[in-house]
Amino acid sequence: MSILSAFLIGLGLALSPAAAGDAQDQAILFLFPRPEEVRPWVPDGPAQLAEGQELFALIDGGAELFLRHGFERAAVQNYALERDRHIQVEIYMMQSMDGAAEVFARKSGPGELPVAIGDGGAKGEYYVVFRRGRFLVTVAAGDATADAEAAVLRIARAIENRIPARCP
Amino acid sequence: MKDEWSRRRVLAAGAAMACGPALGGMWPRVTSAGAAAEPADLCAVAGADPYQASLKAIEQLGGMGRFVPKGATVGLLINHQFRNPGAHVNPDVAAAVAALCWESGAKSILSLKDERFAYWPRQGRGAEAARRLTACSGQYVTVEVPRGQALRKAEVIKELFAADVLINVSVAKDHDGTRYACVLKNAMGALTYNTCQFFHFGHGKGGWYGDVGFLSQCVADLNLLRTPDLAVADATTILTSNGPFGPGKLAKPQTVVAGVSAVSADAYCARFLGVDPSRIAMIVRSAALGLGETDLSKVKLREFSI
Chain Y
63 MSILSAFLIG LGLALSPAAA GDAQDQAILF LFPRPEEVRP WVPDGPAQLA
113 EGQELFALID GGAELFLRHG FERAAVQNYA LERDRHIQVE IYMMQSMDGA
163 AEVFARKSGP GELPVAIGDG GAKGEYYVVF RRGRFLVTVA AGDATADAEA
213 AVLRIARAIE NRIPARCP
Chain H
1292 MKDEWSRRRV LAAGAAMACG PALGGMWPRV TSAGAAAEPA DLCAVAGADP
1342 YQASLKAIEQ LGGMGRFVPK GATVGLLINH QFRNPGAHVN PDVAAAVAAL
1392 CWESGAKSIL SLKDERFAYW PRQGRGAEAA RRLTACSGQY VTVEVPRGQA
1442 LRKAEVIKEL FAADVLINVS VAKDHDGTRY ACVLKNAMGA LTYNTCQFFH
1492 FGHGKGGWYG DVGFLSQCVA DLNLLRTPDL AVADATTILT SNGPFGPGKL
1542 AKPQTVVAGV SAVSADAYCA RFLGVDPSRI AMIVRSAALG LGETDLSKVK
1592 LREFSI
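So the sequence lines, in the order shown, correspond to chains Y and H.
Counting in this note's numbering, the final residue of the first sequence is number 230, and the numbers go up one at a time with none missing.
Counting in this note's numbering, the final residue of the second sequence is number 1597, and the numbers go up one at a time with none missing.
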């Protein structure tokens, strides 16, 4: 059994053998919060997935940092509120905790506030970035209003709680 | 911000009052909107409204009619790939450019890059102008780059050459590899992923940013292939760290810059990132190819606050 399949089972999700391959690819999707955890924000389209070099197609030059430190796969999900407001959630699964820590160190810098989330978190004006195990997560709103800020933190906490303490 | 144009208007008005009767129609005509007979080549407008700032900046270049004749097909290359704040062109800036193109009598406006998310305003100013854009075909052609030093061949979106007029609409922002990205770098938006990879790996040294000099030369060569007729740089809200994708720290210069040269527009906008344009290889190399002036004292520059 792959570690990711075990991870899914850990989340209470049974898998058929035929689905196991796809599930391995898509296990990362189960880290996104449930709809009731993000309301009134709603998912805006399906999540986008990238594995290995595909990350360049997803985030262009931003991919270099992740690939340099052992990137495995990523998923990006957008959430919308009303017509023009959005929150973008990116979950990156690295090959190791060290990789996640390296990326986190680059993505968090002076001027950001430390936030007690995961194994290390930082908060900017409109976003939160944190790492937990070998996952690196960014949650960013399109604006810096108080309700967006609260939603960003709520989503970040929900993802944190869905990453097992001893994650694969 | 220095209001050079206001100063010039005062001087011109004063001189006109003194000499006007003798000189007749020789003085620059100033319209009620403030446009002059002699257009600027680079204009920066600071203001809280990006749409109005864009209109004003282009007006000071002589208006969109200087670039878009009636019946022209316009290619718009907009940096709207990344959703994080400061990583994409403010939609109001792009919408203002599109609206001006229609007003000038453009026959069609081709969007040279498909947006990845619901980018355009669905209502209000510029929404109708944006709705009338033609999406690009997604078909690419392979072309030679005759004077290219690093880039000899490129796969570019077909419509890049179908357009009579090319307008590059970009955002000034931090870039992990080149330190700064705006108009010149945005030209890569017209390329296939394969060609972009060549920019990054064609030097053979390994690493996405293994040779920034090579990458910068490729960017310069690409701009040689199809130089934008009009460069519009959004510096309203810009990403100052974790670029080009973000999220990261933001600065809000609240400025829109328009110019006839991508090099000069980039040389101007580098200040918003606190970088010296003479240290940005893609700007220096593009200037060396004759694509524009980096010495802004030699450029007809106007700066406004509105």
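Every residue, glycine too, gets a C-beta built ideally from N, C-alpha and C.
Only a predicted model underlies this, so the values are computations on that prediction, with no experimental measurement involved.
Excluding five sequence positions before and after E174(Y), the CB atoms of its chain that fall closer than 7 Å to its own CB belong to A184, K185 and G186, given in chain order. Here the alpha carbon of A1572(H) sits roughly 9 Å from the alpha carbon of A1511(H). Between I225(Y) and E211(Y), the alpha-carbon positions lie close to 22 Å from each other.
Nearest to T1527(H) by C-alpha distance, out of L1515(H), G1417(H), V1462(H) and C1427(H), is V1462(H). The beta carbon of R130(Y) sits closer than 9 Å to some beta carbon of chain H.
Per DSSP, the unbroken beta strand (DSSP E) holding L1368(H) starts and ends at T1364 to I1369.
C-alpha of G1504(H) to C-alpha of R1576(H): approximately 9 Å in a straight line. Boundaries of the alpha helix (DSSP H) around G1504(H): V1503 to L1516.
At a C-beta separation below 7 Å, E211(Y) has no neighbours in chain H, since its nearest C-beta there lies roughly 13 Å away. Assigned with DSSP and collapsed to three states, I179(Y) falls in coil, not helix or strand. Residues of the segment 1360-1384 of chain H with a C-beta atom less than 8 Å from some C-beta of chain Y are Q1372, F1373, R1374, N1375 and P1376, listed in chain order. Less than 9 Å separates the beta-carbon of I1349(H) from that of L1521(H). About 5 Å separates the beta carbon of L1401(H) from that of E1450(H), a gap short enough to meet the 8 Å contact definition. Annotation note: the segment 1464-1507 of chain H contains the following uninterrupted alpha helix (DSSP H) runs of length 4 or greater, listed N- to C-terminal: 1474-1477 and 1484-1492. If you draw a 10 Å sphere on the C-beta of G180(Y), you find 16 or more other C-beta atoms in it, and that means buried.
Looking at S1552(H), C1392(H), D1586(H) and L1513(H), the one whose alpha-carbon comes closest to that of T1483(H) is L1513(H). When DSSP reads this structure, H148(Y) sits in a beta bridge with A142(Y).
V191(Y) has a beta carbon lying within less than 9 Å of a beta carbon in chain H. Residue range P1341 to Q1351 is occupied by the alpha helix (DSSP H) that includes K1347(H).
In this chain, the alpha helix (DSSP H) harbouring N223(Y) covers A208 to R224. Secondary-structure assignment with DSSP links I1400(H) through a beta bridge to V1365(H).
Under a 10 Å Cβ-count criterion, G204(Y) is classified as buried, with 16 or more other Cβ atoms of the shown protein chains found around its own Cβ. Annotation: A1561(H) to Q1372(H) spans about 21 Å, alpha carbon to alpha carbon. Counting the other Cβ atoms within 10 Å of the Cβ of T1433(H) gives fewer than 16, which makes it exposed. If you check each beta-carbon in the segment 1405-1416 of chain H against every beta-carbon of chain Y, the ones closer than 7 Å belong to F1408 and R1413. DSSP places L1391(H) in the uninterrupted alpha helix (DSSP H) bounded by P1382 to E1394. Fewer than three beta-carbon pairs drawn from the segment 1416-1423 of chain H and the segment 1439-1456 of chain H are found closer than 8 Å, and the two stretches are therefore not classed as touching.
Counting the other CB atoms within 10 Å of its CB gives T1546(H) a total of 16 or more, which places it among the buried residues. Between the segment 1585-1595 of chain H and the segment 1383-1391 of chain H there are fewer than three C-beta pairs closer than 8 Å, too few to call the two in contact. Using a CB distance cut-off of 9 Å, T207(Y) does not count as an interface residue toward chain H. Of the candidates R168(Y), A213(Y) and D209(Y), R168(Y) places its Cα closest to the Cα of R193(Y). In this model, V1551(H) and D1455(H) are separated by some 15 Å (Cα to Cα). At a cut-off of 9 Å between beta carbons, N1533(H) contacts chain Y.
For the 9 Å CB-CB criterion, A1524(H) and V1548(H) form a contact. K169(Y) sits in a helix when the DSSP states are folded into three classes. Relative to G1366(H), the option among N1381(H), C1487(H), Q1414(H) and A1481(H) whose CA is nearest is A1481(H).
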